[in-house]
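Colleague: Numbering-wise, my numbering comes out as the position in the sequence shown, counting from 1, plus 1. The beta carbon of each residue, even a glycine, is placed where N, CA and C say it ideally should be. Shown below is the structure under consideration.
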Amino acid sequence: MIKRTSFLKVRAELQSKGTKSAKRKLKAISGRENRWMTDVNHRLSKTLVNRYGRNTLFVIEDLTDVSFDDKNLNTWNKAQNCELRSWAFYQLEQFLSYKVKETDSFVLKVDASYTSQRCPKCGRIHKLNRHHDIHEYICDACGYHSNDDRIGAMNLYELGTMYVSGDTNPRFGSRKID
2 MIKRTSFLKV RAELQSKGTK SAKRKLKAIS GRENRWMTDV NHRLSKTLVN
52 RYGRNTLFVI EDLTDVSFDD KNLNTWNKAQ NCELRSWAFY QLEQFLSYKV
102 KETDSFVLKV DASYTSQRCP KCGRIHKLNR HHDIHEYICD ACGYHSNDDR
152 IGAMNLYELG TMYVSGDTNP RFGSRKID
């Protein structure tokens, strides 16, 4: 996102100066960036609810215990790491949750484990099948390949299907191969 990158650059310049006026400016920029991010999350949640209408099941990953430490993000570049760490996931979830109530829809939070490591065709879970550097998932068992984010979305859809079919706590099993 261009706007987020500009906030990052200005913040870095001001932090390197370290003057009293730079610190005041940092505080002002922080508020502006927070208001902008809140607006983005508000518009995104509103668009989702309006687009998919009544009686929709929105399936999202529960990112409560997901760590965004450097050791978990070392395959990504600095800009991607910063963008991921600074996104307001919880706020987006809250906005989506209260907006769906007006449309008789539902937000289902599912365990994030293996959603981007599981092949949606054969069901094999293998961490090394996801290639962060080229944003591609290639299953070494059946050969299926696609964009890694699309794979995650397909697996979230599968978990939603499991929920609609009666599984109150859908998740992927332990057929993991490291």
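#1: What is the residue span of the alpha helix (DSSP H) that residue 3 lies within?
#2: Since residue 107 is in the alpha helix (DSSP H), which residue starts that stretch and which ends it?
#3: For residue 131, does the three-state DSSP call read helix, strand or coil?
#4: Does the Cβ of residue 135 have 16 or more other Cβ atoms within 10 Å, making it buried, or fewer, making it exposed?
#5: So, at 8 Å on beta carbons, what are the nonlocal neighbours of residue 123 in its own chain, with the 5 sequence-adjacent residues on each side left out?
#6: Between the C-alpha atoms of residue 128 and residue 118, what's the straight-line distance to the nearest angstrom?
#7: Can you pull the DSSP bridge partners for residue 58?
#8: From residue 10 to residue 113, what distance separates their C-alpha atoms?
#9: Could you check the C-alpha separation between residue 155 and residue 37 for me, to the nearest Å?
#10: Would residue 106 be called buried (16 or more neighbouring beta carbons within 10 Å of its own) or exposed?
#11: Given 8 Å as the limit, is there contact between the segment 54-61 and the segment 94-106, that is, 3 or more CB pairs closer than that?
Modeller: Quick answer:
#1: 3-18
#2: No alpha helix (DSSP H) holds residue 107; the beta strand (DSSP E) holding it covers 107-112.
#3: If DSSP states are grouped into helix, strand and coil, residue 131 belongs with the strands.
#4: exposed
#5: 140, 142, 143 and 145
#6: 5 Å
#7: 107
#8: 32 Å
#9: 30 Å
#10: Here residue 106 is buried. Its C-beta has 16 or more other C-beta atoms within 10 Å.
#11: yes
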